[in-house]
Each structure stands twice: as C-alpha cells, then as structure tokens.
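Trainee: A single structure is presented below for examination.
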Ligand SMILES: *Cc1c(COP(=O)(O)O)cnc(C)c1O
C-alpha cells in the first residue's frame, strides 16, 4: 500500500489548519456570503482538468475559492432558520470521523462506531424522557426521521388490519386516515407522500393562534375515522416554537387505536429540562418521534434520531433486509433502524457533544436559549410599531413591523437591511397572514451580547424605516 505522500500530508495539514482559522474567524466574520450562486458557478463549474492536480494544491485552491461563498452559519450571531451552530467539540470529532473512514452500517465491521452510536441513542432517550426500550436509528435529519416514524406507523397500523405492507405493498391496502395540524412543518407531510399515502389524503386539523392543534377539532376529526389513524403532532412550530397539547391529544388517538408520531425536530429538547417540561407535557406517550441532533444540540450537519417506542415496528419498516423477527440481543445492525446501509459515522460528533456537556450542560444549553428568547422579546416589546407575534415557549421569536400590507413591506425591508448589514442574521417567515422576521435562538455559540446586538440591529433599522414612512 502507498504511504502518504508529502503532498497528501500537506493537504491534510492545510485542511485542519484552515478549519481552525475559520472557526476562530467566526466572531468577527460578516455573516452572509460575499459570493452568490452565479459567481460560484462561474468559479467552480469549469471543465474538469485532464491531468492530476497535486492534493495540497487542490485543497489550497478549494479553500481560497470557496471561502467568499461560505455562510457563517455556525456563528453565534446567526439566527436564521433553525441552525445549531456546530459545537467545536463536535466538529473536532467529525474530523476524526472522516479520517477513520468507517462505514457505520455494520456493527460487525465497525464495532467502536456502533458502540458510540448506541450510547448516543441511550443518552438521548434518557435526556428526552422517552421509553428506554425504544428503537432508534441515526439518520441525516428530521426529514428522514419523520419519514421513518411514518413508515413504522404504516407497518403497524396495516399489520393490525392483517395487511403485510412490506410484502404486499400499498395497492389494495386497507385505508389509513392520516391527520396533521394546520401548522405542521412540510417535512412530515413529505414523509406521508414518500410512504405512499398521498398528500391529498392528509386531513389538516385546526390549530390555535400559536399553531397548536385544538383537542376538540382533533376529537371531531377522529369521530370521522373509520379505521385507526396516523396522527402527526408537533413539538416546536417553526414560527412560534409552540408544542401541541400532547397530554390531551394523544389519549384521544390511542382510544381509537391510532398511532401518534411527533415531529420534534428541535422542540423535543424542551423535555430534557425539568423547568420546561410543562410546555411539552405528555410527549413521551407518543409512538414515534423525530429529533435533530444538528439543530438544538448543535451537532455538525448532518445527524438526527428516529425513535420508535416499538422497536420491532421500526425494524420491520426500515431494515434493509426486509421484515424479519427482530433480534432481541444488542447485536442488531445499525442498518436495521435507518434507511441507509453504507453511511458515515454521523453519531460520533453527538457523542462528543453529550460527553462534553454532560446532562446538566445539555439542560443549560436549552434553558439558556429559552431565556435568551424571552430576553429578546423584552428588548423589542416596548418599541412603537414592532410586534412580537408569538408567546415564547421555546427558542423562536416572530417579529412583525407596522400594520397590514404596508407593515409587511416594512418587515421585509427591515429584514433585508439587517441581513445585509451582516452583523446578525435572522430569516424570513410568514405567520397568520403577516410577514415576519424569524429569530431562532439555536446556536451553542450564542451569548447574551449577541442577543443584545440582534435587538439593537432590528431596532436601529426599524427606526430608520419608520421615519422614512412618516
Ligand atoms: C428543521 C425541521 C424539520 C426538518 O428537519 P431537517 O433536519 O432539516 O431534515 C422538520 N420539522 C421541523 C419542525 C423542523 O424545524
């Protein structure tokens, strides 16, 4: 076998040195990329060279060319979407994941990885207060985790009607009603489509002004269900951060012998914090859950957990080898509970983060962000013409400017200007007919001064825009 060449050693060194420099530059780096897609396409989409280029030159060029088009997503001043900020200890572990080159799909070939990832699952179940015997798979994101929960539901609800969906497929299968809240995220709805239920067949259940499903509305819809339904609930609405009232909703579904899946991409982490648990009460009674590791836990992209209380249902639905009697020992294969066979050891960075924080550190992280969200509301709420559109229960703050259509235009103007100034970066959204500035407090790197800066930027620009109006 070839030993590493000088140029390869140089390439590996350059990469880790640059990675460190990049992370150190984050506090002062303007957030939005300086290069746009057209520039990037022009720069990179060149004819492929006929002849080899030395590895150190490839890496040096890659860094030089890409850097202007890199978004400071991991900055503590990035408040857009729901982005976790990739905690440095997780990034360090991720370097090793690449170097190890393990295919995490097989416990036989890569036992250390399977051991590490089992610990991640156990620790998450414990922190999130979910049933300890649940099955789990480490997947790329909550989109896939939602899909896997829905596939597990599909398996079990059809099995209960004596239909073997893995063998016989969906054509001719008994109907399964599918219900989701009017303010559900698009990801689980896509999962419903992938699972073959058809998007038109999703019944949308009425929600309140925070996006929470109304128990009476669910009860009325359940009355109409001729068969046990799949009901998709949500912990953490992307605009308001609100959680469905699980304690009231889940027993209604179970009384109908239905399955409850919870999209808890970020919000499920509320359950890790004793002081916050009353905001997500009863979530542990569900049948399956999706939760990201790369959002609120701040693991580097990409990682999430697909959790199913009935492990056999998860294996029957997702195992690459088709439905079979699940092994009861610890020797089950990672590919039994995740859609991928070959894959990166994506649980390892989360392991490092859990270890580094400990249980109390995880709880502190979540609680700190909730307190920051409350602080942001405090800083914005006395400003004439600014309106916080949600009750803050987690880490999302939805801000609208002015009134009506003029107000929406002002909101977009303020948002665009704040983004362009590049000191902080909230993102856009729409809530109950109003354009909003969505501030998502999700990065492990965020501290109190970043929150003050965010408020300051919004207030400064808003005052400008308001004066122009007058
Ligand atoms: C982000 C998000 C998803 C999708 O998760 P990915 O990790 O992007 O695949 C689903 N639901 C909610 C509520 C989310 O915030």
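In this note's numbering, the protein residues as written are 5 to 474. C-beta: ideal position from N, C-alpha, C; glycine also. Everything numeric in this text was worked out from a predicted model, so none of it was measured.
Tell me, please, which residues DSSP counts as bridged to residue 140.
Mentor: Looking up residue 140 in the chain shown gives position 136. Paired residue(s): 311.
Trainee: Between residue 277 and residue 216, is the Cβ-Cβ spacing less than 8 angstroms?
Mentor: Working through the chain shown from its first residue, we reach residue 277 at position 273. Working through the chain shown from its first residue, we reach residue 216 at position 212. For residue 277 and residue 216, no; Cβs fall outside 8 angstroms.
Trainee: How close, in whole Å, do the beta carbons of residue 1 and residue 232 come, if the pair is a contact with beta carbons under 8 angstroms?
Mentor: Absent from the structure is residue 1, since the part of the chain shown begins at 5 and ends at 474.
Trainee: Please report the distance separating the alpha-carbon of residue 82 from that of residue 308.
Mentor: For the purposes of this step, residue 82 is identified with residue 78 of the chain shown, where counting begins at 1. For the purposes of this step, residue 308 is identified with residue 304 of the chain shown, where counting begins at 1. Roughly 21 angstroms separates the two Cα atoms.
Trainee: Confirm, please, whether the CB-CB distance from residue 291 to residue 316 is below 8 angstroms.
Mentor: Indexing the chain shown from 1 puts residue 316 at position 312. Indexing the chain shown from 1 puts residue 291 at position 287. No, they are not a contact pair.
Trainee: With burial defined as no fewer than 16 other Cβ atoms inside 10 Å of the residue's Cβ, what is the status of residue 141: buried or exposed?
Mentor: Translated into the one-based positions of the chain shown, residue 141 becomes position 137. Buried, because 16 or more other Cβ atoms sit within 10 Å of the Cβ of residue 141.
Trainee: Do you know offhand how far residue 104's Cα is from residue 116's?
Mentor: As a first step, residue 104 is located in the chain shown; it is residue number 100 there, counting from the start. As a first step, residue 116 is located in the chain shown; it is residue number 112 there, counting from the start. Cα to Cα, residue 104 sits roughly 11 angstroms from residue 116.
Trainee: Just curious, the alpha helix (DSSP H) that residue 130 is in, first and last residue?
Mentor: By 1-based counting over the chain shown, the position of residue 130 is 126. Where residue 130 is concerned, the enclosing alpha helix (DSSP H) stretches over 115 to 132.
Trainee: Using a threshold of 8 angstroms, state whether the C-beta atoms of residue 147 and residue 184 are closer than that.
Mentor: Start at 1 with the first residue of the chain shown, and residue 147 comes out as number 143. Start at 1 with the first residue of the chain shown, and residue 184 comes out as number 180. No.
Trainee: Going by the beta-carbon positions, is the gap between residue 272 and residue 287 smaller than 8 angstroms?
Mentor: Along the chain shown, one-based indexing puts residue 272 at 268. Along the chain shown, one-based indexing puts residue 287 at 283. Taking 8 angstroms as the Cβ cut-off, residue 272 and residue 287 qualify as a contacting pair.
Trainee: Just to check my reading of the structure: residue 445 and residue 403 have Cβ atoms closer than 8 angstroms, yes? What is that Cβ distance to the nearest angstrom?
Mentor: Counting from 1 along the chain shown, the entry for residue 445 is found at position 441. Counting from 1 along the chain shown, the entry for residue 403 is found at position 399. The Cβ separation is near 13 angstroms, so there is no contact.
Trainee: Indicate whether residue 397 and residue 245 have their beta-carbon atoms separated by less than 8 angstroms.
Mentor: By one-based count along the chain shown, residue 397 stands at place 393. By one-based count along the chain shown, residue 245 stands at place 241. Cβ atoms of residue 397 and residue 245: closer than 8 angstroms.
Trainee: Is the separation between the beta-carbon of residue 428 and that of residue 465 shorter than 8 angstroms?
Mentor: Taking the first residue of the chain shown as position 1, residue 428 is located at position 424. Taking the first residue of the chain shown as position 1, residue 465 is located at position 461. Cβ distance not < 8 angstroms, so residue 428 and residue 465 don't count as in contact.
Trainee: Could you say which of 72, 303, 112, 165 lies nearest to residue 89 if we only look at CA atoms?
Mentor: Locating residue 89 in the chain shown gives position 85, where the first residue counts as 1. Comparing Cα positions, the closest option is 303.
Trainee: Taking residue 59 as the reference, which of 299, 14, 469 has the closest Cα?
Mentor: Here residue 59 refers to the residue found at position 55 of the chain shown. Selected option, being the one with the closest Cα: 14.
Trainee: May I have all residues whose beta carbon comes closer than 6 angstroms to any heavy atom of ligand 1, sorted in chain order?
Mentor: Listed along the chain, these residues meet the criterion: 86, 145, 146, 147, 189, 191, 240, 242, 267, 269, 270, 296, 308.
Trainee: DSSP puts residue 182 in a beta bridge; with which residues?
Mentor: To locate residue 182, count along the chain shown from 1; it is residue 178. DSSP lists 206, 234 as partners of residue 182.
Trainee: Please go through the same chain and pick out, in chain order, the residues whose beta-carbon is closer than 8 angstroms to the beta-carbon of residue 455, but skip the five residues on each side of it.
Mentor: Along the chain shown, read from residue 1 onward, the residue named residue 455 stands at position 451. Once the five neighbours on either side are set aside, the close Cβ partners of residue 455 are 376, 379, 380, 383, 445.
Trainee: Consult DSSP for residue 22 and reduce its assignment to one of helix, strand or coil.
Mentor: To locate residue 22, count along the chain shown from 1; it is residue 18. If DSSP states are grouped into helix, strand and coil, residue 22 belongs with the helices.
Trainee: Exposed or buried, which one is residue 364 when buried takes at least 16 other CB atoms within 10 Å?
Mentor: By 1-based counting over the chain shown, the position of residue 364 is 360. So residue 364 counts as exposed.
Trainee: Is the beta carbon of residue 153 less than 8 angstroms from the beta carbon of residue 265?
Mentor: On the chain shown, position 149 is the one that residue 153 refers to. On the chain shown, position 261 is the one that residue 265 refers to. Yes, these two residues count as a Cβ contact at 8 angstroms.
Trainee: What is the rounded straight-line gap between the Cα of residue 219 and the Cα of residue 253?
Mentor: Here residue 219 is taken as the residue at index 215 of the chain shown, counted from 1. Here residue 253 is taken as the residue at index 249 of the chain shown, counted from 1. Looking at the two C-alpha atoms, the distance is approximately 6 angstroms.
Trainee: For residue 69 and residue 47, what's the separation of their Cα atoms in angstroms?
Mentor: Position 65 of the chain shown holds residue 69. Position 43 of the chain shown holds residue 47. One C-alpha to the other measures close to 8 angstroms.
Trainee: On a CA-only basis, which of 96, 204, 352 is nearest residue 21? Give me that one, please.
Mentor: The residue labelled residue 21 in the question sits at position 17 within the chain shown. Minimum Cα distance to residue 21 is reached at 96.
Trainee: What residues match up with residue 225 in a beta bridge as DSSP calls it?
Mentor: The sequence position of residue 225 within the chain shown is 221, counting from 1. In the DSSP output, where bridge partners are listed per residue, residue 225 has none listed.
Trainee: Residues bridged to residue 294 by DSSP?
Mentor: For the purposes of this step, residue 294 is identified with residue 290 of the chain shown, where counting begins at 1. Note: residue 294 sits in a beta bridge opposite 267, 310.
Trainee: Please classify residue 472: does DSSP put it in a helix, a strand, or coil?
Mentor: One-based indexing of the chain shown puts residue 472 at position 468. Correct three-state label for residue 472: helix.
Trainee: Which term fits residue 100, buried or exposed, when burial requires 16 or more other beta carbons within 10 angstroms of its beta carbon?
Mentor: Numbered from its first residue, the chain shown carries residue 100 at position 96. Exposed: under 16 other Cβ atoms inside 10 Å.
Trainee: Looking at the strands, I want to know which residues DSSP matches up with residue 390.
Mentor: One-based indexing of the chain shown puts residue 390 at position 386. Residue 390 is bridged to 405.
Trainee: Buried or exposed: which applies to residue 17, given that a residue is buried once 16 or more other Cβ atoms fall within 10 Å of its Cβ?
Mentor: The count along the chain shown starts at 1 and reaches residue 17 at position 13. Label assigned to residue 17: exposed.
Trainee: Which value, in whole angstroms, describes the spacing of the CA atoms of residue 268 and residue 132?
Mentor: One-based indexing of the chain shown puts residue 268 at position 264. One-based indexing of the chain shown puts residue 132 at position 128. Each residue's Cα considered, the two are about 11 angstroms apart.
Trainee: Does the Cβ-Cβ distance between residue 442 and residue 164 come in under 8 angstroms?
Mentor: Position 438 of the chain shown, counted from the first residue, corresponds to residue 442. Position 160 of the chain shown, counted from the first residue, corresponds to residue 164. Taking 8 angstroms as the Cβ cut-off, residue 442 and residue 164 do not qualify as a contacting pair.
Trainee: Going along the chain, which residues of its own chain have a beta-carbon closer than 7 angstroms to the beta-carbon of residue 80, five neighbours each way excluded?
Mentor: Sequence index remark: in the chain shown, residue 80 carries index 76 (1-based). 89, 447, 449, 450, 451, 454.
Trainee: In whole angstroms, what is the alpha-carbon distance linking residue 205 and residue 168?
Mentor: Position 201 of the chain shown, counting from 1, holds the residue named residue 205. Position 164 of the chain shown, counting from 1, holds the residue named residue 168. So the two alpha carbons sit approximately 21 angstroms from each other.
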